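Numbering (the working numbering), first residue to last: 2 to 352.
Beta carbons: idealized from backbone N, C-alpha and C, even for Gly.
Values in this document were obtained by computation on a predicted structure and should not be read as measured data.
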């Protein structure tokens with residue numbers, strides 16, 4: 002890549018960090034001799050700081066024994082409610098909220114119950130290397146060439162956007178001149194934005210077809226976010242939402258099929274079923290050809306929707322944006338009902 006500008010979390014280089022990297026790499030090499038040149042990324046460093054913060058919070062709260070208040074009597078190992086509620090939770094949360102220390106990633110503290118965000122380094126990518134050209138801090142919200150602990154700059158977003166204090170940028174073509182930006186092509190071709198068609202939960206994306214004109218209307222939280230981002234661009238980009246649907250309005254395939262089309266360079270159309278039926282083999286031929294054209298249908302320039310970020314979709318297929326909804330860890334487990342069935346089971350919902 003040439004002349005690309007990006008951001009990454011900034012972790013200051015310290016003796017403590019370098020010493021930890023050496024120790025971690027030595028330990029990792031002993032346990033995994035087949036893996037060469039393994040490195041520890043930002044998520045590993047954050048995980049280490051979180052572990053240290055929890056250990057310090059446990060010491061401050063004086064918790065010696067973790068006890069849980071089990072409010073149900075059923076001994077069901079797969080029932081999460083059987084774990085109970087921690088009696089030391091409030092004390093541990095209070096101690097964790099006031100925990101402050103200098104970790105591997107920098108100053109570790111909480112602000113209003115949220116972990117203090119790391120500053121971001123703005124980098125200029127040229128070839129296989131990157132070059133830092135400035136910083137952006139969440140608290141000051143000002144672009145600066147050098148990272149400072151204090152700043153007299155106005156934290157107004159307009160000032161940071163209109164007068165950025167950054168280092169020189171090498172743009173595509175090894176040019177120091179700022180590109181003019183997007184120019185509307187002469188053929189007026191719009192960006193084709195693929196949208197998944199799903200049934201059920203529709204708060205993120207909802208596709209509704211007009212009963213008379215069959216014209217689609219796309220709404221939802223993901224659509225609002227994408228529209229807001231496009232409006233902030235300093236130039237106009239024309240685009241249109243294309244539902245990933247069959248002529249009857251149903252979904253044309255899975256999210257994997259939809260995402261895969263972003264990387265395709267062909268532009269076919271789904272053939273009507275009547276054109277591919279042939280005597281007694283109509284159903285078989287229809288299924289084979291429909292699947293073939295679903296996977297290689299019209300090419301999309303991007304996909305907007307609640308598509309899960311998984312390994313087989315990332316990398317060489319497509320690139321995902323960072324999640325813009327609150328993320329977390331969830332676990333789905335089966336619940337085994339050990340209660341005996343009897344003639345009065347119909348009264349259970351009333352209890």
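DSSP lists 136 as the bridge partner or partners of residue 145.
With the rule of 3 Cβ pairs closer than 8 angstroms, the segment 105-114 does not count as touching the segment 124-131.
The bridge partners DSSP lists for residue 172 are 176. Its Cα nearest to that of residue 115, the residue 94 stands out among 28, 312, 94. Around the Cβ of residue 202, a 10 Å sphere holds fewer than 16 other Cβ atoms; the residue is exposed. 69 is the residue among 69, 102, 101, 24 whose C-alpha sits nearest the C-alpha of residue 88. Taking all protein chains shown into account, residue 24 has fewer than 16 neighbouring C-beta atoms within 10 Å of its C-beta and is therefore exposed. By the Cβ rule, the segment 191-201 counts as touching the segment 253-261, because three or more pairs are nearer than 8 angstroms. Nearest C-alpha to residue 3 among 226, 129, 190, 136: 129. With contacts defined by Cβ atoms closer than 9 angstroms, residue 168 and residue 146 form a contacting pair. The way I'd put it, the segment 238-245 does touch the segment 217-228; three or more beta-carbon pairs between them come closer than 8 angstroms. Residue 205 and residue 306 have their alpha carbons spaced roughly 7 angstroms apart. Looking at the DSSP output, residue 115 bridges to 112. Straight across, the Cα-Cα distance linking residue 212 with residue 226 is about 27 angstroms.
Between the beta-carbon of residue 54 and that of residue 100 there is about 5 angstroms, and that keeps the pair under the 8 angstroms contact cut.
If the five residues before and after residue 301 are omitted, its C-beta is found closer than 6 angstroms to the C-beta atoms of 193, 195, 262, 263, all from its own chain and listed in chain order.
Residues of the same chain with a CB within less than 8 angstroms of the CB of residue 310, apart from the 5 flanking positions on each side, are 321, 324 in chain order.
For the segment 207-249, the full-length alpha helix (DSSP H) segments reaching 4 residues or more read 222-233 along the chain. Rounded to whole angstroms, residue 44 and residue 210 show a C-alpha spacing of 43 angstroms. According to DSSP, residue 107 shares a beta bridge with 104. In the structure shown, residue 91 falls within a helical segment according to DSSP collapsed to helix, strand and coil.
Note: residue 131 is bridge-paired with 126 in the DSSP secondary-structure output. If you check the CB distance, residue 137 and residue 8 come in under 9 angstroms. Check the Cα spacing between residue 250 and each of 214, 232, 237, 235: the tightest is with 214. Between residue 120 and residue 29 the beta-carbon gap is near 28 angstroms, outside 8 angstroms, which marks them as no contact. Taking C-beta atoms as the reference points, residue 41 and residue 26 count as a pair closer than 9 angstroms.
For residue 55, there is no enclosing beta strand (DSSP E); the residue is found in the alpha helix (DSSP H) stretching over 43-62.
In this structure, residue 256 places its C-beta atom within 9 angstroms of the C-beta atom of residue 308.
For the options 132, 131, 118, the alpha carbon positioned closest to that of residue 139 is the one of 118. Across the structure, residue 208 and residue 111 are spaced so that their CA atoms are roughly 40 angstroms apart.
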